[in-house]
DNA sequence: ATCACTCAGTTAATGGTCGTAACTATGCAC
DNA sequence: GTGCATAGTTACGACCATTAACTGAGTGAT
């Protein structure tokens, strides 16, 4: 699945010195890479620059990653995991109302994007050489989506269900999507709300990051709050 | 404003041979650049590769653009203009209902993004060295927004106005935005709908381009239609 | 018609990048 | 200790951006 990830060695196997050093170097590569990316963007992450910052010769990096693209791909999957983790932690153990927790999750998403804007751009923007989107984007983000879906189910339970979309075909596709998530139980209305929240928030955050709102006096958070309201209202009764 | 743009010479000034050749070469640079970008992405656009495809020496390009970044910046503004033009043309002279025309404009946006996906990524994704977002993104896209706003005003005129957002501060910011667009007449509800449509569609299209929906059985166009409905419904009565 | 100037284009060179090849030296298993 | 696997090295080739120095064609004034 992910050839380059650090495999958790829970077994108290006698971790050899070599393995330890290798893991340590790998960690340093990841840390330095993210430092460079956060400071100057992915395009500034070159094998040479990375090696230089580690006081290492450039070819040595190839012992860890077969190419610059492979390194970037690895960093992308790490970032996805990190983003998903940030969203999970935002509601972990929270006893607030489901609707509030939706806001927490979404805000965590935005905060992560703002805090690590270069990484967010790396995930959803650049994709220089069109990375293997397959494995990369699937699992970790699906996990975050599952989280959102659960919250929305809870929201719906606490309010009279309903809300027709008016597009039977779309509902069918949403059912398929639910099945592809191995959650055939979730209703189209919930799936619809989850997807709409994601696309809406991504749209706002993405434009916020490109600076579209900078010159305008719009606060993205207000737009997001409004959009969450809209999406959830969709879940409840039938309309407003 | 834009040092590199071709200035329309409507005056029947005796266009010198030199000027004609220069304009011609500039045109060829733009065309070849877009060809390379469309085929392999911006990251593959190198001065060297461009010059090679024109059977020209690389340093010669510097007679036209002081750096690779300047070239890319120029291509970005051209692309913005092209996108805005595509949106305008989609409804030019259309006698359909305003609501239908909104759909036409938005669909033109998506179609352009799908047809020139690399360029769209260049506009809203990559932005490698954080280009001068100031001049770049302002005028041409504002024009497209103005178009959308006009259509939404028409929509609102044909339906009972109203629709409170519940966020007075946001409404105030929207009023400021309207004034910054030099259109102080547009109501917050209209501005809100315009911005929401833009962010929503951008979010969907952007995720569609990164391939998030590929493995899922969702058609982006259906999501977009749904979102337009939602945004417009917002304009009308008060809720559903 | 020619002279001087401008400027599009050239070759040559610097210093950066990715990536490969060939080598050295260390850790580890026996 | 001997031998293998491997993390690291230096040396290299191919590409890139950009500058410097030069060539030659277009242009405008005499």
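Chains as they are written, first to last, in our numbering: chain A, 28 to 267; chain B, 28 to 267.
C-beta: ideal position from N, C-alpha, C; glycine also.
- The residues 64, 65, 68, in chain order, have a CB closer than 6 Å to that of residue 145 of chain B in the same chain once the five nearest residues on each side in sequence are set aside.
- Residue state for residue 231 of chain B is assigned as helix, using DSSP reduced to three classes.
- Only exposed fits residue 87 of chain B, as fewer than 16 other CB atoms lie within 10 angstroms of its CB.
- By the criterion of at least three beta-carbon pairs nearer than 8 Å, the region 129-149 of chain A is not in contact with the region 80-96 of chain A.
- Contact fails between the region 200-220 of chain A and the region 210-230 of chain B, because fewer than three Cβ pairs, one in each stretch, are under 8 Å apart.
- The alpha-carbon of residue 52 of chain A is positioned some 20 Å away from that of residue 108 of chain A.
- Excluding five sequence positions before and after residue 55 of chain B, the CB atoms of its chain that fall closer than 8 Å to its own CB belong to 81, given in chain order.
- Residue 53 of chain B: member of the alpha helix (DSSP H) spanning 44-67, first to last residue.
- Runs of the beta strand (DSSP E) lying entirely within the region 177-214 of chain A, each at least 3 residues long, are absent.
- Contact between residue 117 of chain B and residue 129 of chain B is ruled out by a C-beta separation of about 10 Å, above the 8 Å threshold.
- For residue 259 of chain B, the closest Cβ of chain A is not nearer than 7 Å.
- Counting C-beta pairs closer than 8 Å gives fewer than three between the region 192-210 of chain A and the region 192-204 of chain B, which falls short of the contact rule.
- Under the three-state reduction of DSSP output, residue 90 of chain A falls in the coil class, being neither helix nor strand.
- Among the CB atoms of chain A, one or more fall inside 7 Å of the CB of residue 231 of chain B.
- Non-local beta-carbon contacts of residue 95 of chain A in its own chain, meaning distances under 6 Å to residues more than five positions away in sequence, involve 74 in chain order.
- Less than 7 Å divides the Cβ of residue 259 of chain B from the Cβ of residue 182 of chain B.
- The shortest CA-to-CA distance from residue 151 of chain B to any of A/236, A/60, A/93 is the one to A/236.
- DSSP places residue 145 of chain B within a helical segment (H, G or I) once states are collapsed to three.
- Taking C-beta atoms as the reference points, residue 137 of chain B and residue 232 of chain B count as a pair closer than 7 Å.
- Restricting attention to B/49, B/71, B/47, B/77, the CA atom closest to the CA of residue 58 of chain B is found in B/77.
- Between residue 244 of chain B and residue 204 of chain A a beta carbon distance of about 6 Å is seen, short of the 8 Å cut, so the two are scored as contacting.
- Rounded to the nearest whole angstrom, the C-alpha separation of residue 84 of chain A and residue 44 of chain A is 21 Å.
- Approximately 7 Å separates the beta-carbon atoms of residue 60 of chain A and residue 98 of chain A; this is inside 8 Å, confirming the contact.
- A buried status is given to residue 106 of chain B, since no fewer than 16 other beta-carbon atoms sit within 10 Å of its beta-carbon.
- Using a Cβ distance threshold of 7 Å, residue 226 of chain B and residue 234 of chain A count as a contacting pair.
- Residue contact with chain B for residue 234 of chain A: present (Cβ-Cβ distance below 7 Å to some residue of chain B).
- Residues of chain B with a Cβ closer than 9 Å to the Cβ of residue 227 of chain A are, in chain order, 223, 226, 227, 230, 231, 254.
- Using a Cβ-Cβ cut-off of 8 Å, residue 249 of chain A is close to 194, 196, 197, 200 of chain B, given in chain order.
- Look at residue 104 of chain B: its C-beta is not under 7 Å from any C-beta on chain A.
- Annotation for residue 109 of chain A: the continuous alpha helix (DSSP H) segment containing it runs 95-118.
- Taking C-beta atoms under 8 Å as the contact rule, residue 135 of chain B and residue 114 of chain B qualify, at a distance of about 5 Å.
- Put simply, the CB of residue 237 of chain B is near chain A, with a gap under 7 Å to one of its CB atoms.
- One finds 152, 233, 234, 237 in chain B with Cβ atoms closer than 8 Å to the Cβ of residue 151 of chain A, taken in chain order.
- When rounded, the separation of the alpha-carbon atoms in residue 256 of chain A and residue 229 of chain B is 19 Å.
- For the options B/185, B/239, B/249, B/168, the alpha carbon positioned closest to that of residue 262 of chain B is the one of B/185.
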